[in-house]
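Letter 123 of the sequence shown, counting from 1, is numbered 574 in our numbering, and no numbers are missing. Quick reminder that beta carbons are idealized off the backbone N, C-alpha and C, glycines included. Being a predicted model, the structure only gives us computed values, none of them experimental. Accompanying notes for the structure given below.
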Amino acid sequence: MKVIAISGDSRNLEDLRKLATGLELVGELYCHQGELSGMAMLPVRDEMDVLILDCRHGGITPIADLERLLGFYPRLNAILVVDQESPDLLLRALRAGVREVIKAPVSRDDLQVAFHRIHQKTRGAQRGDGRVLAFMSCKGGSGASFLATNLGYVLAQRSEKNVLLIDMNLQFGDAVLYLSDRRPAATLPDVTRDIQRIDLSLLKSAQIEVLPNYSILASADDPTQSMDIRPTHVEALLRFARAHYDYVLLDVGRSLDTCTIQALDMADQIYPVLQLTLPFLRDAKRLFDVYRSLDYGPDKVRPLLNRVERSPGDLKPEDAENHLFYKVFASVPNHYKSVTASVNQGVPIQSLDAGSPVSRSLQELADRIAERSAAQSRGLLSRLFSRG
Ligand SMILES: Nc1ncnc2c1ncn2[C@@H]1O[C@H](COP(=O)(O)OP(=O)(O)OP(=O)(O)O)[C@@H](O)[C@H]1O
Ligand SMILES: [Mg+2]
């Protein structure tokens, strides 16, 4: 397990380092001197399994800060080291999701028992985090927003999982218009402005609900409002969203800025959307070269061909693959009538015309995505079991 120990006191931290080094189940150990208050993210990039938080020597126990931090890290297990363990403290710690409370003086045995218990509890546990799927247009008008928003609807309907779509097209976000005529009460910058305070009710109050299990977080109408959004905000928001939703779909538009790259980095899969014409292939090539330079492999990048028509002389999916060096994941047919009706009315194509060729193709795509997620989580579970 990867472990981080945090203490405001350098001697306490050194003590924890000595106690935890070489214990069974402890793999990498990071030590950080500092306070938890105001910390929205751990001071390490790697995913941690265990946080040992030192609150000895009169240090106050920052339960509220810890609870907020655990909201961002669904797989993190916390061990609290305290001077006094009152029933009130234990109850508050338990409510905050703390796994273990150890009373000082701490022995290696105490810590070892705590690690074994955490290991036992997490062995069969499900991954609490959802999948992040980013949709990107290779060129304006390729259909990324239409496909992302409508796929979210079909995925929510068919998989019965909780789906959230975040419109991360900070300049020209229009995702909500594809599914609803309601105006959002709040938008993405309202949520990121105070990201440290985020909780589920705040996030929900900013969303437009399309289905009981499908909501959209819209981007601001006025692009200047999004100017203060930073990659760290994106990181915190996605961390939180994936802890509370099964699927987090992102419409990232087509600009490659630091916020977009942060989102793409965190995405489990990227679905770049393009059409089978030369101007699209040309722009797609540039984008795919960037993907390669960012080390996004074929498992992560899943190109979607949109508005495909099979006429003699047209380019074929193989032409795109030869040009782009990534395998096409799926093709969606062109169907002007049903798509235009859906877009003009702001109603999901699935509820307007479930039999349209585009709806059928989205149904297939949603099932493939849901199947893969199920297979992937089974793989993880079996890996967890085989460790023991
Ligand atoms: N499969 C399809 N068949 C017919 N028309 C389609 C199809 N997919 C998308 N369209 C049309 O293309 C238009 C543009 O799509 P969309 O806004 O999703 O593109 P985009 O990639 O998000 O563009 P931008 O980069 O500007 O955000 C839609 O309004 C819709 O009318
Ligand atoms: Mg768009």
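Item, Value
"Once DSSP output is grouped into helix, strand and coil, what is the label at Asp770?", "helix"
"Is any heavy atom of ligand 1 found at a distance shorter than 7 Å from the C-beta of Pro784?", "yes"
"Which value, in whole angstroms, describes the spacing of the CA atoms of Asp716 and Ser762?", "37 Å"
"If you compare alpha carbons, which of His774, Arg468, Ala547 is closest to Ile455?", "Arg468"
"Using a 10 Å radius around the Cβ and a threshold of 16 neighbouring Cβ atoms, would you call Ser837 buried or exposed?", "At Ser837, the pLDDT of 42 sits below 50, so the modelled position is not reliable and the matter cannot be decided from this model."
"Can you tell me whether Phe597 is buried or exposed? The criterion is at least 16 other CB atoms within 10 Å of its CB, across all chains shown.", "buried"
"Going by the CB atoms, is the gap between Ser593 and Asn757 shorter than 8 Å?", "yes"
"Mapping DSSP to helix, strand and coil, what is Glu551?", "strand"
"Checking the sheet assignment: what are the DSSP bridge partners for Ser666?", "Leu615, Glu660"
"Output the boundary residues of the beta strand (DSSP E) element that contains Cys482.", "480-484"
"By the DSSP assignment, the beta strand (DSSP E) with Tyr698 in it spans what residues?", "698-702"
"Using CA atoms only, rank isn't needed, just tell me which of Ile569, Leu775, Asp641 is closest to Thr675.", "Asp641"
"Starting from Ser610, trace the alpha helix (DSSP H) both ways and give me its first and last residue.", "595-610"
"In or out: Leu545 buried (at least 16 other Cβ within 10 Å) or exposed?", "exposed"
"Say yes only if the C-beta of Asn620 is nearer than 7 Å to one or more non-hydrogen atoms of ligand 2, and no if none qualify.", "yes"
"Do Thr791 and ligand 1 come close, with the Cβ less than 7 Å from some heavy atom?", "yes"
"Going by DSSP, name the residue or residues bridged to Val532.", "Asp505, Ile553"
"Output the residue ranges of the alpha helix (DSSP H) runs that lie fully inside the segment 777-808 and measure 4 residues or longer, sorted by chain position.", "787-796, 800-803"
"Quick check on Asn463: does DSSP put it in helix, strand or coil?", "helix"
"Where does Arg496 fall in DSSP's three states?", "coil"
"Report the rounded CA-to-CA distance for Arg644 versus Ala669, giving the unit in angstroms.", "14 Å"
"Identify every residue that forms a DSSP beta bridge with Pro723.", "Met587"
"Just reading off the alpha helix (DSSP H) that Ala515 is part of, what are its end residues?", "514-523"
"Can you say whether Met678 is buried or exposed, counting buried as having 16 or more other CB atoms within 10 angstroms of its CB?", "exposed"
"Does DSSP put Ile455 in a helix, a strand or coil?", "strand"
"Is Gly548 near ligand 2, with its Cβ less than 7 Å from a heavy atom?", "no"
"Quick check on Leu630: does DSSP put it in helix, strand or coil?", "coil"
"Going by CA-CA distance only, name the one from His483, Gln720, Thr683 that's closest to Thr709.", "Thr683"
"Taking just the CA atoms, how far does Gly603 sit from Ile800?", "11 Å"
"According to DSSP, which residues form a beta bridge with Arg582?", "Tyr698"
"Just curious, the beta strand (DSSP E) that Arg758 is in, first and last residue?", "755-759"
"Can you say whether Gly579 is buried or exposed, counting buried as having 16 or more other CB atoms within 10 angstroms of its CB?", "A caution first: Gly579 carries a pLDDT of 47, below 50, which makes its placement in the model unreliable, though a value can still be read off. With fewer than 16 Cβ atoms within 10 Å of its Cβ, Gly579 is classed as exposed."
"Taking C-beta to C-beta, are Val557 and Ala529 nearer than 8 Å?", "no"
"Could you say which of Asp672, Ile646, Glu611 lies nearest to Ala636 if we only look at CA atoms?", "Asp672"
"Does the pairing of the segment 687-704 with the segment 598-618 give three or more beta-carbon distances under 8 Å?", "yes"
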